[in-house]
Each structure stands twice: as structure tokens, then as C-alpha cells.
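Asks: Protein chains in written order, with my numbering: chain A, 1 to 93; chain B, 94 to 186; chain C, 187 to 279; chain D, 280 to 372. Just dropping this structure here.
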């Protein structure tokens, strides 16, 4: 079944952020390779984690405004909300 | 001042994990590019976040066993512990 | 304005969990008072945090199934979703 | 074996914070009881979670400055650090 996609509006913004995160992870790899100071690496890891959370929140918002809202309007919102909660549980635990 | 590095023992393991994380982030980028389903992307983001936390914990352990322990033995542990807490605060908040 | 409440179905379950959490916090207070071992107290704090997250997820689900779904059906879902995201941001950061 | 306690200095501060957290949890219980708006309750839960994290960080710092540092100075730091990491893992995951 084709899934209608609702983050199109945010797509460029998301791709840009993900490219930046990929670069940050590569930077952390380089820091470890060059024996950089642990605390600096840890601060960098915390920064990437925040950036990933931000991407997750953008997607969550698009998904809720898109798929979830549409499912609710078409009166089969229950599964959509259940699915949303399952994925939220992975973020909040 | 040169910082003595204490994650040497874990270095290969860390680099391997970071390479894998970089690949996962690239995979998420591709998922967004190909308009994949939000919930699948979100699950993938949660997985990368866990993988990053794991890397953070390995570094934290190396850092505590190494730099922090040495500072304590040389009787100037206070700054090392303060620095450790500052970085922990970025992870736990 | 009266807010229609949608966690009625879960209300007893939520109150029960909150009573338990209150007891756990009181237990932690007692542990500190009695100079119990830090690591045991920390484990207890992590447990309460998980229990609170669980309550948060139950409320999130009720709220989404209730208020948010109703707002969407009545075609003014935008503010409800924005509000939902603002509160999610406090949990995932 | 009796565990020497090292958060004595912070004890009053910790007990005060825990008393406040207990009151906040009781407040959340009351909000649910009175059918208060979900989003307000969720914001309150996020606040308690932050307050608990703060208590956890104070304990972590006391524990590291106290028990862990002493163990390291007495040349049996390995178990203390391992234990510290196990409890950190419960916070960061």
C-alpha cells in the first residue's frame, strides 16, 4: 500500500538537517581517531542527540498533521494513534 | 596542554560504532529522500539515538577510569569531577 | 471555558499510578534521610522517572484520542497539534 | 559492610527538593482527580521529571566526589566505576 507522505513541506529542511548530522557524526569519528579529549567528544555527542531529537520532532509534527489527522477525519484514527504512541514510547522511556 | 587519552583500549570499538551510526544517519537521509513512511523513519531515529548513547557511555566509562581516576589519585580530582558533571548534565536533563 | 476531559477511562489507573509514585518519592526522601547508599537511591530515582514517563504516555494517548482527534474532526486541529508538539518537546529534548 | 555516606553536605538541600517533588506529584494527582486539562498535567509531569534529574545529578556528584574518589585513592576504583556506569546507564538510554 502506498503511504501518502506529509512531510513534503519540511523535506528540504529535514534533508539539510540530516546532512549536517551526518557531518557531525563524521566529526566525532575524527575526534576519536585523533585521540581528542573525551569531554569534548561527549559534548559533541550530546549536540548530535539534540539535533536528532529536533528532526524527530519535525517528523512527529508532520506525521500528526498529515497521516494521523487524515486517519481521524476518515474515522479510522485508532490504529494511527496507537502506532504514534508506540513510536513515542521509543523516544520517551 | 596535551590531554592523555584513556579510551585507546576502546578506540577500535568506538570507531566501528561511529562508522555504523554514520551509515544509519545516511540511511535516514535516504528514507526522507524517498518519502518513506514517517513512523519507520522515527523508529530509525530512536535507534540512532540509542546507539549514540551507547557510544557516550563507553566514552564516559573510559574517561572516568582514565582522566578522572588519575586526577583523583594526583589529588586534583575536583575540577575533573566538576567537568564530568557538566557533561553528564547535557545527557541527563 | 470548560475543557472536555478524555482521560476519564484511564482516570482510576492514572490516580493509582500517581499514588504509587508519590509513595516512591517519599521512599527516596526516607533513603536520603537514613543515609542510604547513593547508588541505590539513584536506581530508585531512575525507576520513578520511568513511572512518570509511563503516566505521561497514558495521558498523551488519551489526549490525542480525545481532544486532538475531536479538534481535527471539527476542522480546527492545527492549534491542538501545535500545543501537543510544544508539550512533546518538553519530554523529548 | 557499612557504606560511608558522602552526600551529607547536600543532605538538607536534597531532602528539601524531594519534599517539593512529593508535593508536585500530589499536585498532579489532584489535577487528574479534578479533570484538569491534559496538556497542563503533561507540562507538570515534565517539570517533575526535570526536578528528579536534578536530584539525581546532585547525588551523582556527591557519589563521585565521595565513594568513587575514595575507592580510586584506595586502589580499588574499578568496581566503584563499574557500579557508577551501571546506574548511569539507567539514566541515559
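A virtual CB, placed ideally from N, CA and C, is assigned to each residue, including glycine. The structure displayed is predicted, hence computed values, not measured ones.
Which chain B residues are close to residue 351 of chain D, counting only those with a beta carbon under 7 Å from its beta carbon?
Replies: Indexing the fourth chain from 1 puts residue 351 of chain D at position 72. Per Cβ cutoff of 7 Å: 162, 165, 166.
Asks: On the CB-based measure, 16 or more other CB atoms within 10 Å of its CB, does residue 200 of chain C come out buried or exposed?
Replies: Stepping through the third chain from its first residue, residue 200 of chain C is reached at position 14. The residue in question, residue 200 of chain C, is buried, as its Cβ has 16 or more Cβ neighbours within 10 Å.
Asks: Is it the case that the Cβ atoms of residue 347 of chain D and residue 363 of chain D are separated by a distance below 9 Å?
Replies: Counting from 1 along the fourth chain, the entry for residue 347 of chain D is found at position 68. Counting from 1 along the fourth chain, the entry for residue 363 of chain D is found at position 84. Contact: yes.
Asks: Note down the Cα distance separating residue 26 of chain A from residue 279 of chain C, rounded to an integer number of angstroms.
Replies: For the purposes of this step, residue 26 of chain A is taken as residue 26 along the first chain, with counting starting at 1. For the purposes of this step, residue 279 of chain C is taken as residue 93 along the third chain, with counting starting at 1. Rounded to the nearest angstrom, the two C-alpha atoms are 22 Å apart.
Asks: Considering only the alpha carbon of each residue, which of B:164, B:126, B:154, B:105 lies closest to residue 38 of chain A?
Replies: What you label residue 38 of chain A is simply residue 38 of the first chain in a count that begins at 1. The option with the nearest alpha carbon to residue 38 of chain A is B:154.
Asks: Rounded to the nearest angstrom, what separates residue 313 of chain D and residue 184 of chain B at their Cα positions?
Replies: Residue numbering aside, residue 313 of chain D sits at position 34 when the fourth chain is read from its first letter. Residue numbering aside, residue 184 of chain B sits at position 91 when the second chain is read from its first letter. Roughly 35 Å between the two C-alpha positions.
Asks: What are the residues in the stretch 11-33 of chain A lying within 7 Å of chain B by C-beta distance?
Replies: Residues 11, 14, 15, 18, 19, 21, 22, 25, 26, 28, 29, 32, 33.
Asks: Mind checking if residue 267 of chain C is an interface residue toward chain D, Cβ cutoff 9 Å exclusive?
Replies: By one-based count along the third chain, residue 267 of chain C stands at place 81. Answer no: the Cβ-Cβ gap between residue 267 of chain C and chain D never drops below 9 Å.
Asks: By DSSP, does residue 95 of chain B sit in helix, in strand, or in coil?
Replies: To locate residue 95 of chain B, count along the second chain from 1; it is residue 2. Confidence at residue 95 of chain B is low in this model, with a pLDDT of 42, below 50, so the placement of that residue is unreliable and no value is reported for it.
Asks: Please confirm if residue 102 of chain B has its CB atom under 9 Å from at least one CB of chain E.
Replies: The structure shown contains no chain E; its protein chains are A, B, C and D.
Asks: Would you mind working out which of C:260, C:230, C:264 sits nearest residue 366 of chain D, comparing C-alpha positions?
Replies: Locating residue 366 of chain D in the fourth chain gives position 87, where the first residue counts as 1. Ranking C:260, C:230, C:264 by Cα distance to residue 366 of chain D puts C:230 first.
Asks: Quick one: does residue 42 of chain A have its CB under 9 Å from some CB of chain C?
Replies: For this step, residue 42 of chain A is matched to residue 42 along the first chain. Cβ-Cβ to chain C under 9 Å: no for residue 42 of chain A.
Asks: Would you mind reading off the limits of the alpha helix (DSSP H) that contains residue 165 of chain B?
Replies: One-based indexing of the second chain puts residue 165 of chain B at position 72. Unbroken alpha helix (DSSP H) run through residue 165 of chain B: 162-166.
Asks: Please list, in chain order, the chain A residues whose beta carbon lies closer than 7 Å to that of residue 278 of chain C.
Replies: Taking the third chain and counting its residues from 1, one reaches residue 278 of chain C at position 92. The contacting residues are 53, 56, 57, 91, 92.
Asks: Any beta carbon from chain A within less than 9 Å of residue 222 of chain C's own beta carbon?
Replies: By 1-based counting over the third chain, the position of residue 222 of chain C is 36. For residue 222 of chain C, the answer is no, since every Cβ of chain A falls outside 9 Å of its Cβ.
Asks: Could you tell me whether the Cβ atoms of residue 125 of chain B and residue 20 of chain A are closer together than 9 Å?
Replies: Position 32 of the second chain holds residue 125 of chain B. Position 20 of the first chain holds residue 20 of chain A. No, Cβ-Cβ distance for residue 125 of chain B and residue 20 of chain A is not below 9 Å.
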